[in-house]
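Chemist: Quick one: structure below, then a few questions.
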Amino acid sequence: MSVLSKAHFHDEEAAFKKVEELLWPEGPVCPFCGGKDRIYVLEGVRSKPSKKNPEGVVRHGLKKCGHCRKQFTVRVKTIFESSHIPLHKWLQAIHLLCASKKGISSHQLHRVLEITYEAAWFMSHRIREAMRSGSLAPMGGPGSIVEADETFIGKKEGAVKHPNARGYAHKQAALSLIERGGEVRSFVIDKADTANIKPIIDANLRKESMLMTDEAALYGKIGKEFKHHFTVEHGKDEYVRGSVHVNTLEGYFSIFKRGMKGVYQHCDEKHLHRYLAEFDFRYNNRVANGIGDEERAQKALQGVKGKRLKYERTNAPA
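One rule links them: number in the numbering used here = place in the sequence shown (from 1) + 770.
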């Protein structure tokens, strides 16, 4: 039997119950006033009639708060709010995006879910927003090995590479930090230099960690602040020296680039932070950490609260 044959993937009432169980484990909570004690279930309520649905459609999961007297469903103040796409299709999309190691394109979602491409594109970005963790606690610590490296992908908007120019100044740049055996965090950076990278490393890595980087000069000053800083010289074809390497990050970048080039093919710079969040999320919730597809999708679902994303904000830079 297919995973997608489960009731919450094709039945709207079951979909609402599934999301309510995850977001309201101790019972319904009013998204407007936070009330819990006097929440009433409204059954049999239908939407206004329309040409497509002359009798209206059942408003699943509708509730009323006895404190502020407002009606609500579990969709309110989440990425699902004001969406005309049925909740069960949202759950299918979340599962597909979480289960596909290199992602799934909006065109593919548009075909599979039988929705418009525009709706699938917006849906994908809302789900990526739910995947953004916003972790603040520094990574690493005594005895921990942390790798830092940059990668470049796509062309910056308006940038032109001159025929004899060298380097990646015309490319979109990202910095990733990865703790071996732990998580990865990725950041969009304007330029791969000390001024852009040092504040990120200062805020996200404990100085007691063992920092592993390549020989890039920008890490020279940064590395002096760590208890240990080891480098490999890629320019001299040195990629491993004992436990000194950045191959964990190289493996992560390999998956990221195969997804971006092979599945998504194009990414505007203003959306890069969400794509990085998507690949970070799947890596941090990988099978090697004991997390399967279903549990990964549930973790993404738990991140939908407080992250309503409107269309005009989707197209705005981070």
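Think of the CB as a built atom: it goes at the ideal place given N, C-alpha and C, for glycine as much as any other residue.
Relative to the C-alpha of M901, which candidate in I1061, A1047, A1058 has its C-alpha closest?
Modeler: A1047
Chemist: According to DSSP, M982 sits in a beta bridge with which residue or residues?
Modeler: E917, F1000
Chemist: Would you report the Cα separation of V1002 and G1012, rounded to the nearest angstrom?
Modeler: Taking the Cα positions, V1002 is about 10 Å away from G1012.
Chemist: Please classify A987 as buried or exposed, where buried requires at least 16 neighbouring CB atoms within 10 angstroms.
Modeler: exposed
Chemist: Taking 8 Å as the threshold (C-beta atoms), are G836 and I809 in contact?
Modeler: yes
Chemist: Since I believe Y1022 is in contact with Y1053 (beta carbons under 8 Å), could you give me their beta-carbon distance rounded to a whole number of angstroms?
Modeler: Contact between Y1053 and Y1022 holds, since their C-beta atoms are separated by about 6 Å, short of 8 Å.
Chemist: Looking at C-alpha atoms only, which residue of Y1045, F842, K822 is the closest neighbour of R1028?
Modeler: Y1045
Chemist: I'd like the ranges of any beta strand (DSSP E) spanning at least 3 consecutive residues and lying wholly in the region 789-818.
Modeler: 809-811
Chemist: Who are the near neighbours of L812 in its chain, counting only those whose CB is closer than 8 Å to its CB and skipping five residues on each side?
Modeler: R829, L832, K833, K834, Q841
Chemist: Does F1023 come out as helix, strand or coil in the three-state DSSP assignment?
Modeler: helix
Chemist: How big is the Cα-Cα spacing for G913 and R976?
Modeler: 11 Å
Chemist: Could you name each continuous alpha helix (DSSP H) segment of 4 residues or more that falls completely within the region 842-922, going from the start of the chain to the end?
Modeler: Here the runs fully enclosed are 857-869, 876-883, 887-901.
Chemist: Given that a residue counts as buried once 16 or more other Cβ atoms are within 10 Å of its Cβ, and exposed if not, what is A1067?
Modeler: Under this definition A1067 is a buried residue.
Chemist: Helix, strand or coil: which one does DSSP assign to A943?
Modeler: strand
Chemist: Roughly how many whole angstroms lie between the Cα atoms of K997 and K847?
Modeler: 44 Å
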